[in-house]
Structures are given as structure tokens and as C-alpha cells.
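Under this note's numbering, residues 6 to 234 are what the sequence shown spells out, in order. Single-structure report; data block below.
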Amino acid sequence: MMTSSRLQRISLFEGLSEVQLLRLEELCVEEKFAKNQYLFRQGEPSDWLYIILKGRVKLVRHAPNGAATIIEIYSIGDELNAAALVEGKTYSASAKTLTDGIAIKLSHAHFKKMLSEWSIVGSNMMRELGQRYREMVENLSTLAVYSVEGRLCKVMASLARRYGIIGDCRGVIVDLGLTRQDLADISGTTLETAIRTLNRLRTNGLLSWEGKRFFIPDVKALDAVVCPG
6 MMTSSRLQRI
16 SLFEGLSEVQ
26 LLRLEELCVE
36 EKFAKNQYLF
46 RQGEPSDWLY
56 IILKGRVKLV
66 RHAPNGAATI
76 IEIYSIGDEL
86 NAAALVEGKT
96 YSASAKTLTD
106 GIAIKLSHAH
116 FKKMLSEWSI
126 VGSNMMRELG
136 QRYREMVENL
146 STLAVYSVEG
156 RLCKVMASLA
166 RRYGIIGDCR
176 GVIVDLGLTR
186 QDLADISGTT
196 LETAIRTLNR
206 LRTNGLLSWE
216 GKRFFIPDVK
226 ALDAVVCPG
């Protein structure tokens, strides 16, 4: 069951009063999702704003030739594609779940009304979009400058900082359910190259894994790997 206290912890809704949060709770729809389910697909009308309460979701952009690129990984508290909802256009990418979980969704009409009546939400959204823009520029720079090994190191270090948990002697645990193909897509390379590169990083002691769970003994050392393309 959704509560106003859960909504209060979502950065998009920071600063709202208890009365506003209770009103928002009435407008939101809670939706459970299963692993490998699409919340929405690229090109569909942007009718809903989704916010993750539990689980993880990847945002995937499909090129005309069928190639897929993972743009971002979303977790608890993250909102999906608020900009598309403001524009009232179609979703620019697909949201596919990596795990079972729960999301809340707010209709386009209610979201627009909320923005017009509660200015703090618009300010929060602009702050988040600004952060996302900076991250996007950094990611594009990484793709342009670094080799596959350098890109994979940057990707894994970034995931460790954002979603990693302190583990055992093997280091920080990154357990997002990402496949080797997912990592290849994020890093802008092929599956075969990603596998070879991961094996090389393991040989060099920079990371290890069990299934889809990765262990990083030294995040700073991994992030410091410089392999210009």
C-alpha cells in the first residue's frame, strides 16, 4: 500500500506538504511489475509518469537498424521520462524491467496540473533533469574518448557508486541483474568484445563475478583505468 511517507522520500516530491502528499497519493496508481516486462515502449504516447518504488528498470533506445543502447539504469525513487510527459509527445525510449518490483504512475493530465499548481515539483524536476544532462554528457564523452576496456571500467565504477553495497572481502557488490549483453549495450560494443574485456579485467584483479553479481575490490582503481580509444 502506498503512503505519503514513501512519496516524501522521492526527490521529485521533496518540499511538498503533508496535505499535498495525501492529495498526490489519491492521484497515483500503484503497479506491480515482473522481471523482463515493458512499462512502456519507444514510440508509444507518453501517457504516464512512472516512479520506481521497488526494483530496477533499464531505459533502452532502439535505432532504426534494430540496434539497442541502454541509456540509463533506474532504481528506487527514480522517475522515468518526465520530459516526454511535459512535451506530451511519445516516449523516446523503452523501459524494460530488470527485476520484479513496484512503480507508481501519474497520468499526463494530473502531472501537468501538479506542475502548474505546485511550483516546487517543477523546480525539483529541473534539478533532476540538469543532473541527468551532466551525466549524459559525461557518458557521451566516455564513449567518444575511451577504448572498450576504459568504457566498461567507467560503467562498472559508476554503477558501483550509485547502486553498490558493501560486501565481503571481494569488494563492493553490484547486483543489478545485468547480463553481459546489457553491459555491452551500455558500453557501446559487441557481446563478444564485452566478454573478452570482462575476462581481462578479472585477470587483472579489477573485478570478479558470480552469475550476474559483480564484485569490485577498489572502485577508485577501476574508475582510474585510462585506456584511450
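Glycine included, every Cβ here is placed at the ideal spot set by N, Cα and C. Note that this is a predicted model, so its numbers are computed, not measured.
Span separating the alpha-carbon of residue i from that of residue j
i    : j    : result
I191 : I200 : 13 Å
S213 : F45  : 33 Å
L181 : T194 : 20 Å
E30  : C174 : 43 Å
D228 : Y168 : 15 Å
L26  : L85  : 19 Å
K94  : A114 : 13 Å
G176 : R218 : 12 Å
S124 : G60  : 29 Å
G172 : K110 : 33 Å
D52  : R137 : 21 Å
V160 : Y79  : 14 Å
A88  : S152 : 32 Å
F220 : L17  : 31 Å
R185 : K117 : 39 Å
C33  : L12  : 10 Å
G106 : D83  : 13 Å
Simplified DSSP assignment, three categories, for residue i
i    : result
V224 : helix
I81  : coil
Y55  : strand
E133 : helix
V142 : helix
G127 : helix
E35  : strand
R207 : helix
K63  : strand
A98  : coil
L103 : coil
E49  : coil
C-beta contact flag for residue i and residue j at 8 Å
i    : j    : result
A108 : I56  : yes
Y96  : E49  : yes
I81  : L58  : yes
L157 : L183 : no
V230 : G155 : yes
V179 : L164 : yes
L211 : A226 : yes
Whole-angstrom C-beta distance between residue j and residue i, which should lie under 8 Å
i    : j    : result
V224 : R166 : 6 Å
Q47  : A98  : 5 Å
Would you call the segment 123 to 134 in contact with the segment 100 to 115, where contact means no fewer than 3 C-beta pairs closer than 8 Å? Contact between the segment 123 to 134 and the segment 100 to 115 is absent: fewer than 3 CB-CB pairs across the two stretches fall below 8 Å.
- When the Cβ atoms of the segment 66 to 86 are set against those of the segment 32 to 39, are three or more pairs found closer than 8 Å? A contact between stretches requires three or more CB pairs, one per stretch, nearer than 8 Å, and the segment 66 to 86 fails this requirement with the segment 32 to 39.
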